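Here the protein sequences come in this chain order: D and F.
Taking the working numbering, the leading residue of the first sequence gets 101, the next gets one more, and so forth.
Taking the working numbering, the leading residue of the second sequence gets 5, the next gets one more, and so forth.
Beta carbons are placed, not taken as given, at the ideal position from N, Cα and C, and that holds for glycine.
All values reported here derive from a predicted model rather than from experimental measurement.
Reading through the structure tokens given below for one structure.
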Amino acid sequence: MTLETLQSTFEMHQAMNVEVFYWWCTAIMFMIHAGFLAYEIGASRVKNALTSGMKNILTLSVIIPTFYFFGWWIYNAFPNGLIPIDASAALPWSMSMGPNVQDMGTGIFFAAFALFGATTGSILSGAVIERIRLSAFLILAAILGSAVWILAGAWGWHPSGWLLTEFGYHDVGASGVVHAVAGFFALGVLMNLGARVGKFKDGVAMYIPPHSLPMSLIGLMMIIVGFFGFLGGCIIFNGGDTGWTTIYGNPTNLSAFGFNTLMGFAGGVIGAYLSSREPFWTMSGGLAGIITVAAGLDLYYPGLTFVLAASGGVLMPIVGRWIEKLGIDDAVGAVAVHGFCGFYGVVLVGVVASAYPNIGELPDITFTGQLLGAVVMALTGFIPGWGISFALKKFNALRVPPHVEVLGLDLVEIPAKPYPETVPANRVVEGTITPSESEKLA
Amino acid sequence: MFSSPISSWDNVAAYFTFSDSPMGMAISLAAAVGIYLYLNISIMKHEKDAFDKHK
Numbered sequence: 101m102t103l104e105t106l107q108s109t110f111e112m113h114q115a116m117n118v119e120v121f122y123w124w125c126t127a128i129m130f131m132i133h134a135g136f137l138a139y140e141i142g143a144s145r146v147k148n149a150l151t152s153g154m155k156n157i158l159t160l161s162v163i164i165p166t167f168y169f170f171g172w173w174i175y176n177a178f179p180n181g182l183i184p185i186d187a188s189a190a191l192p193w194s195m196s197m198g199p200n201v202q203d204m205g206t207g208i209f210f211a212a213f214a215l216f217g218a219t220t221g222s223i224l225s226g227a228v229i230e231r232i233r234l235s236a237f238l239i240l241a242a243i244l245g246s247a248v249w250i251l252a253g254a255w256g257w258h259p260s261g262w263l264l265t266e267f268g269y270h271d272v273g274a275s276g277v278v279h280a281v282a283g284f285f286a287l288g289v290l291m292n293l294g295a296r297v298g299k300f301k302d303g304v305a306m307y308i309p310p311h312s313l314p315m316s317l318i319g320l321m322m323i324i325v326g327f328f329g330f331l332g333g334c335i336i337f338n339g340g341d342t343g344w345t346t347i348y349g350n351p352t353n354l355s356a357f358g359f360n361t362l363m364g365f366a367g368g369v370i371g372a373y374l375s376s377r378e379p380f381w382t383m384s385g386g387l388a389g390i391i392t393v394a395a396g397l398d399l400y401y402p403g404l405t406f407v408l409a410a411s412g413g414v415l416m417p418i419v420g421r422w423i424e425k426l427g428i429d430d431a432v433g434a435v436a437v438h439g440f441c442g443f444y445g446v447v448l449v450g451v452v453a454s455a456y457p458n459i460g461e462l463p464d465i466t467f468t469g470q471l472l473g474a475v476v477m478a479l480t481g482f483i484p485g486w487g488i489s490f491a492l493k494k495f496n497a498l499r500v501p502p503h504v505e506v507l508g509l510d511l512v513e514i515p516a517k518p519y520p521e522t523v524p525a526n527r528v529v530e531g532t533i534t535p536s537e538s539e540k541l542a
Numbered sequence: 005m006f007s008s009p010i011s012s013w014d015n016v017a018a019y020f021t022f023s024d025s026p027m028g029m030a031i032s033l034a035a036a037v038g039i040y041l042y043l044n045i046s047i048m049k050h051e052k053d054a055f056d057k058h059k
């Protein structure tokens, strides 16, 4: 074997390893969606269980093609702001956007990013269960998952994104670009969607119990499993002798992520338990902890990670209850877990990791840059979420009619029953508000 | 369907169906977009029918 042949064999194996790595990250990320499926079905009442599941399945199925149609192009075209640059290789008719022997990168990165996008749709999905129209939800999910978050990603999660090049923005595990954007988008939608019938009586929030809390808890644990694919996909596996880097180009490795993902999970669970004593919030604390530390996952000392994650876990249920007191019915606490913790996580990097350098001439990490970035993420999510849902509301296309909500969406829309031999979906189950009570409240 | 852009595997780059035929790609892509749009319209119609039926 000549030196030249040896080199070409080595390079081919490097390229194949990159593909293998992201292939399995993408596969593991599907566990996030299996988790959201179980989590949201469990969080719904029996009368809406299958509708919640159907919504979740279709979320993936609309975000994947729309991300192919325009999402990947948005990421590549908008790093400078709102004026696109040439990104013709990312258009769906490009030679790179299909099987191509000479291109071993585009498809696998497209797949990973499409699954990141689908995660944003699933975050929205949980918040709006039991009263949103499926048609309205799928429009909102496609816009969030294939346009809004990826625009934020082009700005703050791209080697040439303006938040990085101008302000040194650091958000390695997507606390801001995925979680804060999706959480604040959900907040905007919830403000127009309104609460479920019976959620508030005389201005006081009532507890609408999930029909299967164990199913929700298992779903949340599955999401944690999926996070290992998600966070693995946030690292750049480079060819040549560069090794692992973050999306911003600074060196890192899976060991850094290994320490801090686990410490973030544990800190978040303990924090949420201490502040709530309630299983749903406690398990959500695992997510809250990881999201709180995700932005600085490559930088933090694990002991500090644990403390920061615990603070996110403590604060998350408090923020969730505060949002409820404002009259907003977020059925799964998505705004608190993803919106608040994502925002908080981006700011924390500025608090505890200021003055870390970026590569080359890029500005250092600063508190001001992180705060600005967090605000940009929140507004990039909130404004379209509120605006589009407001327009749908004006066309009476956002929410199911009150009589449908009272009967249950499964009975009206779904030609199947979740538990036909135990709890018929065509019977109003115990604890459900009656039609006459609902009419008084509607 | 005569959609293959290649006649051998030597020096191949993009080899997917219609990669040498903008018309074939355009029709495929338009059909894909059409299915996505039809899904949305179909769900809206299903919702209207279902909601009316249970009034």
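Spatial neighbours of D/G420 in its own chain (CB-CB distance under 6 Å, excluding positions within 5 residues in sequence) are listed in chain order as G433 and A436.
Sequence-ordered contacts of the stretch 227 to 253 of chain D with chain F read R233, L234, S235, L238 and I239 [C-beta pairs closer than 8 Å]. Listed in chain order, the alpha helix (DSSP H) elements of length 4 or more contained wholly in the stretch 240 to 316 of chain D are 249 to 256, 262 to 267 and 281 to 293. F/H50 counts as exposed, since fewer than 16 other C-beta atoms from the protein chains shown sit within 10 angstroms of its C-beta. The DSSP-derived three-state label of D/F337 is strand. If you look at D/M116, you'll find it in the alpha helix (DSSP H) that goes L103 to A143. Bounds of any alpha helix (DSSP H) do not take in D/I514, whose DSSP letter is neither H nor E.
Between F/I10 and chain D, the shortest Cβ-Cβ separation is not below 8 Å. Counting only Cβ-Cβ distances below 8 Å, D/L507 has contacts in chain F at H58, in chain order. At least one C-beta of chain F is nearer than 8 Å to the C-beta of D/W193. For the pair D/N156 and D/G442, the Cα-to-Cα distance works out to about 22 Å. Contact between D/V272 and D/M477 is ruled out by a C-beta separation of about 14 Å, above the 8 Å threshold. Comparing alpha carbon positions, the residue from D/M322, D/F365 and D/V118 closest to D/T345 is D/V118. For D/G221, the nearest beta carbon of chain F is not closer than 8 Å to its own beta carbon. Among the CB atoms of chain F, one or more fall inside 8 Å of the CB of D/F169.
The straight-line gap separating the alpha-carbon atoms of D/E513 and F/F55 is approximately 8 Å. The residues P484 and I488, in chain order, have a CB closer than 8 Å to that of D/I243 in the same chain once the five nearest residues on each side in sequence are set aside. Sequence-distant partners of D/G385 (beyond 5 residues in either direction) whose C-beta falls short of 7 Å from its own C-beta, in its chain, are G368, V369, G371, A372, Y373, G413 and M416. In terms of CA proximity to D/S161, D/F130 leads the group D/F178, D/F130, D/E505 and D/A177. Distance between D/K494 and D/K517, taken at the CA atoms: about 32 Å. In summary, the residues of the stretch 27 to 43 of chain F whose CB is separated from some CB of chain D by less than 9 Å are M29, A30, L33, A36, V37, I39, Y40 and L43, in the order they occur in the chain.
Sequence-distant partners of D/S376 (beyond 5 residues in either direction) whose C-beta falls short of 7 Å from its own C-beta, in its chain, are T382 and P417. With a cutoff of 8 Å on beta-carbon distance, D/D510 and D/K147 are scored as near each other. Residues of chain F whose Cβ lies closer than 8 Å to the Cβ of D/T166 are, in chain order, Y40. Taking one beta carbon from each stretch, the stretch 317 to 330 of chain D and the stretch 228 to 241 of chain D have fewer than 3 pairs nearer than 8 Å; the two do not touch. In the DSSP secondary-structure assignment, D/I232 is bridged to D/R499.
Residue contact with chain D for F/S25: absent (no Cβ-Cβ distance below 8 Å to any residue of chain D).
Spanning the alpha carbons of D/S194 and D/G339 requires a straight line of approximately 24 Å.
Judged by beta-carbon spacing, D/S312 lies beyond the 8 Å limit of D/I229, meaning their Cβ atoms are not closer than that value. In the DSSP annotation of this structure, D/E521 is not part of any alpha helix (DSSP H), being labelled neither H nor E. Rounded to whole angstroms, the gap between the alpha carbons of D/I128 and D/G508 is 33 Å. In this structure, D/A252 and D/C125 do not form a Cβ contact; the two beta carbons are roughly 21 Å apart against a cut-off of 8 Å. Bridge pairing for D/N200: F/A18 [DSSP]. Leaving aside the five residues that flank D/V325 on each side, the residues in its chain whose CB is nearer than 6 Å to its CB run, in chain order, M131. Among the CB atoms of chain D, one or more fall inside 8 Å of the CB of F/F20.
Annotation: D/L399 to F/I47 spans about 46 Å, alpha carbon to alpha carbon.
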